[in-house]
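Peer 1: This structure is in structure tokens; I'll ask about it shortly.
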Amino acid sequence: MQKLSRRKFLYCSAGLLSVACPAQAFWPFGEKESHASGPVDIRGRVFKNDAPQTLWKWSREGFHYKKIEGGKVVCGICPNRCILAPGDRSVCRSRVNMNGTLYSLAYGNPCSVNTDPIEKKPLYHFKPKSKTFSVATTGCNFRCLNCQNWEISQVKPHEIRHIELFPKNAVQAAQDAGGKSIAYTYSEPTTFFEYMLDTARLAREKGLANLWISNGYINKKPLVELCKVLDGANVNLKSFSDAIYRKLNGGRLQPVLNTFKTLHELKIHFEITNLVVPGYVDDPEMVKEMCRWILDNLGPDHPLHFLRFFPRYKLDRLPPTPVSALERFREIAMAEGIHYVYLGNVPNHKGNHTYCHQCGKLLIERQGYYIPTYNLDGNRCRFCNTIIPGVWQSKT
Amino acid sequence: MLVVLSTVQILAIRVLRDIFFIHGSSVGFYPTLAYTFFTIAPYTLLVGFVLPYSLFILRNDTPDYPGARIYIMDNLGDTGGGALFSFVLVYLVTPFWAILLANLPLIFATCLLFSRRSAVVFLAAGIAFSILLGGVLLERETLKPSVGELIYYSESRYGRVAVHRDAEQYTLLSDGVPLFSNQNVNMAEEAIHYPLSQLSRVQHILLISAEGGMMAEIEKYQPETVDYVELDPQISTVLFKFGLINKISGLNVIHQDGRAFLTESDKIYDAIIINLPEPTTFQINRFFTDRFFSLAKNHLAPHGVLSFSIQGFDNYLAEPQRQKLSSLYNTLMDYFEHILLLPGHNIFFICRSLPVEMDIPARLAQKKISTRYVGAFFYGNLTQERIEYLNEAVDPTTPKNSDDSPRLIRLMFSQWFAKFATSPVGFFAALSLLCLIYFVFITKEEFVLFSTGAMVMGSEIIIIFVFEIFFGYIYFQIGMIVTVFLAGLMPGAFLGDRFSGHGIRLIGITDSLLIVLMGALVPVIWYGGDRLPVTVYLAFGFGVSLLCGFQFPVALALRGGGNSAVTRTFSADLIGAAVGILFTSVVLIPWFGIIWAVAGLIALKIISLLVVSIRYAKIIPKKILIL
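Protein sequence lines correspond, in order, to chains A and B.
For the first sequence, numbering that gives the first Met the number 0 assigns the number 0 to the initial residue and increments by one for each residue that follows.
For the second sequence, numbering that gives the first Met the number 0 assigns the number 0 to the initial residue and increments by one for each residue that follows.
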């Protein structure tokens, strides 16, 4: 038998390995990586030649856009930065280029209007027990496979029933409903930016707070403008992985992180939600990484909500998140140093309550939307006088 | 190749899904169509190839070997295989075992046929058997979840039942779809407390299917009896085994179709709680129709309550969903004076002859019943304005849902297509166009076989559906229908072969008989219904398939019986069968109802008869045309 030289041995080994490594990727059994399946990016696309022939009553010229050559416009509201030729419709479905001018078709035509407990947003550190007047038009700049509001987020404005509620009427309706705030919510409020901003300005004049419940996919300039009239926000950090953002949500991670930084710099009260999707967003290492980023960039005081996933919309072949996974993540986040970590979609759990980060005593007990125990005095812990971050009811 | 592909295609269907589609997501119409086509096509193309090719081989030795005989043998195999699977294998083994056992005769036959080349053949047979065995060994591997572990798996005659464990959570899956887990307290509380809180006393409860935590909630009312009806014994076994539901005092577990049970029972209940998935199938739709609501009303005490839920919404009621609940509401209106719709992730229908109380937490407080979800979240999630919004959304003009015109299924289709922002119109337009092009190139005899194939499969679907409506979902008898529809083909083909010399006249006669048989089905359904014995429906199926089987050799003889003719007549029969099953189940019944589906099939056969008559008129005196 011919003796094998070292060089030949290395060549053969490398050759065999190069065959074996990719082959392993095709071995379908054993540990399955959810991230590895299906398309890697589900981001939306501009709808070519989809704009209506004429504008309808509920239209308004866009606030942040640039005109470029050939009658095209670049929408500047969100990081999608849709380039629209005349007659095109944006990724979010709400904005169109009509003869070289960008218009929003979602202005004064909400399709969903409700008065909700503020805890439902969820906002746990913003005027507990108060009611918030919630409005939404159609549209979203993401394509989340698990969207619970897909009936309004993934349709065009003319495709659904709506009511007429221009900013002035919206503020009046909020006051009539006894709301202390107006929440721009359900779908993606960034896509009805003009309607939201005009309503928010009027609301502030009337002493109502403005709440932005969003995926955080917005450019800095419009966000800074919004923050001038914004009182609180809940921004969804869908995962701490750009790959998962692209695969499950059709967005990117970095712009969302930028939004958190801007909100923090401008001292807007905000809370962070993270939906724990089994097989995707349930990696403890990713949670640790996310918490470290939050601590490094935003500090420990912004409440973090881990939400339990339930099968919804197109992501309906996954089981719900086990409660123990959420509990583990809460422990991880608190061990990392985040002061207020909550569990969502888990009724009657101690993870729904607020405990003072200083003395550890129960400050707010939440039984669903009931608050049987409230141990804050103004913004301070009734037991140790520590200031609790948030926007609280005036001292009683 | 056939043996290998039968295993490989099942492996491909299970494994490739997570490679081509995003794990955990459902898939729209066109991707499903493409995926199904490409995973199944190799096997089906080979099966389609083998049948005529076998005839060509046989004709190498025996040039006048009759084409009809191979059709008869094929039908014999179909019937035997169908019966073996429906009555034996499905009860005993898993899919890969079934494939292994069903393919053993093929391996054996191949070895016999090519015994002269023993070494190569035995090697090939050995490899094929190894692959079959490999499928069996990989059965559980292909079902393992990406998260957690597969701790229970069994194949029942109604589908695959699996339980996944992830940490402390057990999730029950049926046919790969998660049904519920042991930690979903919300659904259990809503489904039980919304109806039962309405009652001043709860003695007898009928629960049609159950999910995690329900018995614990029912127990809070201390009923005397709880009749829990579950069609699939495997499901209830698993529910108890993994503690998803508890055994409580007074519980009777009944393994029967819920509607069939109610039809046979004379018990009166205080509450009937239906806990079934969305009516996406005819079987489930039977629990949301006028006849069922009438049946339920007759089994309710005067103060009793009927409740069920359909998929809800968070903040906007989309149009197909609005139509669905309107159809249900309008159907219920004939039987219940008071109907309250409660919104949420599921929309609950609470139906009574007495007024329905909206303030559920207040009723629970009166009864001193504590809850984790309803008491804490009801007032925030089910505000007065949300309840009013829902109840005012009902459209009184929406047609009712009935057994023979399942409007809900049609709306479920619409909703499904809306979810994926797609439409089936393109597909059906393309299919119709292909059919029209096909009609241009086929002979009249082939068109007759095409229409007969479509009629047989269409009528089989109709009979299965009618049977379910009248007799409940009884697997054994459904299997019997399928077998009977195959069994008639063989004697029919045998007789047709004997009388094939009579040519086109027989085609006309059998076409006429098929029309008469289908026409007779209308009064049978309308007036006979469940008063007629099961054998009537089985006899109908046998008759239709007998005539279909009869036509094949006759048409083949008319075409000359050559190799090309055999291939084309086989194709016409199979293409017709495929088109018939698709159009009847997806278009005719959901959109037009059963009676119009029957009318559609009759119309197709009348066209076939006209085609035959035109040809007949050319070759025999006109006076005989009066057929």
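Think of the CB as a built atom: it goes at the ideal place given N, C-alpha and C, for glycine as much as any other residue.
If you're wondering where the values come from, they're calculated on a predicted model, not measured in any experiment.
Determine the direct distance from the alpha carbon of residue 140(A) to that of residue 123(A), and round the result to whole angstroms.
Peer 2: Approximately 26 Å, taken between the alpha carbons.
Peer 1: Quick check on this structure: which residue in 551(B), 523(B), 552(B) has the alpha carbon closest to the alpha carbon of residue 538(B)?
Peer 2: Closest by alpha carbon: 523(B).
Peer 1: Looking at chain A, is there any beta carbon in it that lies within less than 8 Å of the beta carbon of residue 511(B)?
Peer 2: Residue 511(B) does not count as touching chain A.
Peer 1: Go ahead and pull the three-state DSSP assignment for residue 200(B).
Peer 2: Residue 200(B) falls in the coil class under three-state DSSP.
Peer 1: Would the beta-carbon of residue 160(B) fall within 8 Å of that of residue 173(B)?
Peer 2: For residue 160(B) and residue 173(B), yes; Cβs fall inside 8 Å.
Peer 1: Around the C-beta of residue 151(A), are 16 or more other C-beta atoms found within 10 angstroms, so that it is buried, or is it exposed?
Peer 2: Buried, by the Cβ-count rule.
Peer 1: Entirely within the stretch 225 to 261 of chain B and at least 3 residues each: give me those beta strand (DSSP E) ranges in chain order.
Peer 2: Within the stretch 225 to 261 of chain B, the complete beta strand (DSSP E) runs of at least 3 residues are 250 to 253.
Peer 1: Which same chain residues end up closer than 6 Å to residue 3(B) when comparing Cβ atoms and leaving out the 5 residues on each side of it in sequence?
Peer 2: Here the set comprises 127, 130.
Peer 1: Using a Cβ-Cβ cutoff of 7 Å, what residues of the stretch 314 to 335 of chain A are near chain B? List them in chain order.
Peer 2: So the list reads 314, 315, 316, 317, 318, 319, 321, 322, 323, 324, given in the order they occur along the chain.
Peer 1: State buried or exposed for residue 203(B), treating a residue as buried only when at least 16 other CB atoms are found within 10 Å of its CB.
Peer 2: Buried.
Peer 1: Measuring only the C-alpha atoms, how far is residue 235(B) from residue 311(B)?
Peer 2: Looking at the two C-alpha atoms, the distance is approximately 26 Å.
Peer 1: Could you list the residues in the stretch 375 to 401 of chain B with a C-beta less than 7 Å from some C-beta on chain A, going in chain order?
Peer 2: The stretch 375 to 401 of chain B vs chain A, Cβ under 7 Å: 375, 376, 378, 379, 382, 384, 385.
Peer 1: Enumerate in chain order the residues of its own chain whose CB-to-CB distance from residue 49(A) is below 6 Å, with the five nearest sequence positions on each side excluded.
Peer 2: For residue 49(A), where only same-chain residues beyond five positions count, the Cβ hits under 6 Å are 88.
Peer 1: Can you list the alpha helix (DSSP H) stretches of 4 or more residues lying completely in the stretch 267 to 352 of chain B, in chain order?
Peer 2: Taking only runs of at least 4 residues, the alpha helix (DSSP H) segments lying wholly in the stretch 267 to 352 of chain B are 281 to 284, 289 to 297, 318 to 331.
Peer 1: Have a look at residue 254(B) and residue 351(B) and give me their C-alpha separation to the nearest angstrom.
Peer 2: Rounded to whole angstroms, residue 254(B) to residue 351(B) spans 27 Å at the Cα level.
Peer 1: Could you pull the start and end residues of the beta strand (DSSP E) that residue 269(A) belongs to?
Peer 2: Taken as a continuous stretch (DSSP letters only), the beta strand (DSSP E) holding residue 269(A) covers 268 to 275.
Peer 1: Between residue 267(A) and the rest of its own chain, which residues show a CB-CB distance below 8 Å, the 5 nearest in sequence each way excluded?
Peer 2: Excluding residues within five positions, the ones whose Cβ falls inside 8 Å are 226, 229, 230, 231, 232.
Peer 1: At a Cβ threshold of 8 Å, is residue 278(A) touching chain B?
Peer 2: Yes, contact with chain B.
Peer 1: Along the alpha helix (DSSP H) that carries residue 138(B), what are the first and last residues, could you check?
Peer 2: Taken as a continuous stretch (DSSP letters only), residue 138(B) belongs to no alpha helix (DSSP H), as it is neither H nor E.
Peer 1: Please classify residue 31(B) as buried or exposed, where buried requires at least 16 other C-beta atoms within 10 Å of its C-beta.
Peer 2: Exposed, because fewer than 16 other Cβ atoms sit within 10 Å of the Cβ of residue 31(B).
Peer 1: With a cut-off of 8 Å, does the C-beta of residue 495(B) fall near any C-beta of chain E?
Peer 2: Although the question refers to chain E, the structure presented lacks it and instead comprises the protein chains A and B.
Peer 1: For residue 74(A), write down the residues that DSSP places opposite it in a beta bridge.
Peer 2: Per DSSP, 64(A).
Peer 1: Residue 418(B) lies in the alpha helix (DSSP H); which residues open and close that run?
Peer 2: Note, residue 418(B): alpha helix (DSSP H), 406 to 418.
Peer 1: According to DSSP, simplified to helix, strand and coil, what is residue 366(A)?
Peer 2: Residue state, collapsed to three classes: strand.
Peer 1: Can you give me the start and stop residues for the alpha helix (DSSP H) that residue 550(B) sits inside?
Peer 2: Its alpha helix (DSSP H) spans residues 533 to 557.
Peer 1: Would you mind sorting residue 44(B) into buried or exposed? The rule is 16 or more other CB atoms within 10 Å of its CB.
Peer 2: Exposed.
Peer 1: Can you give me the start and stop residues for the alpha helix (DSSP H) that residue 167(A) sits inside?
Peer 2: Its alpha helix (DSSP H) spans residues 166 to 175.
Peer 1: Anything in chain A within Cβ reach of residue 225(B), meaning under 9 Å, just list it in chain order.
Peer 2: Going along chain A, no residue has its Cβ under 9 Å from residue 225(B), so there is no contact; the nearest lies around 25 Å.
Peer 1: Please list the residues of the stretch 114 to 126 of chain A that have a C-beta atom closer than 8 Å to any C-beta atom in chain B, keeping them in chain order.
Peer 2: The residues in question are 114, 115, 116, 118, 119.
Peer 1: Using the three-state DSSP reduction, which class does residue 27(A) fall into: helix, strand or coil?
Peer 2: Model confidence at residue 27(A) stands at a pLDDT of 49, short of 50, so the residue's coordinates are unreliable; what they give is reported in the following sentence. Coil, per DSSP.
Peer 1: Quick one, are the C-beta atoms of residue 207(B) and residue 250(B) less than 8 Å apart?
Peer 2: Not a contact, by the Cβ cut-off of 8 Å.
Peer 1: On the three-state DSSP scale, how would you describe residue 20(A)?
Peer 2: Note on residue 20(A): pLDDT 41, under 50, position unreliable in the model; the coordinate value appears next. Reduced to three states, the DSSP call for residue 20(A) is helix.
Peer 1: Spell out the partners DSSP gives residue 211(A) in its beta bridges.
Peer 2: Paired residue(s): 183(A), 232(A).
Peer 1: How many angstroms separate the CA atom of residue 182(B) from the CA atom of residue 319(A)?
Peer 2: Distance between the alpha carbons of residue 182(B) and residue 319(A): 9 Å.
Peer 1: Near residue 613(B), what residues of its chain come up, given a Cβ to Cβ distance below 7 Å and the 5 sequence neighbours on each side ignored?
Peer 2: No residues qualify anywhere along the chain.
Peer 1: Taking only three categories from DSSP, how would you classify residue 38(B)?
Peer 2: Three-state result, residue 38(B): helix.
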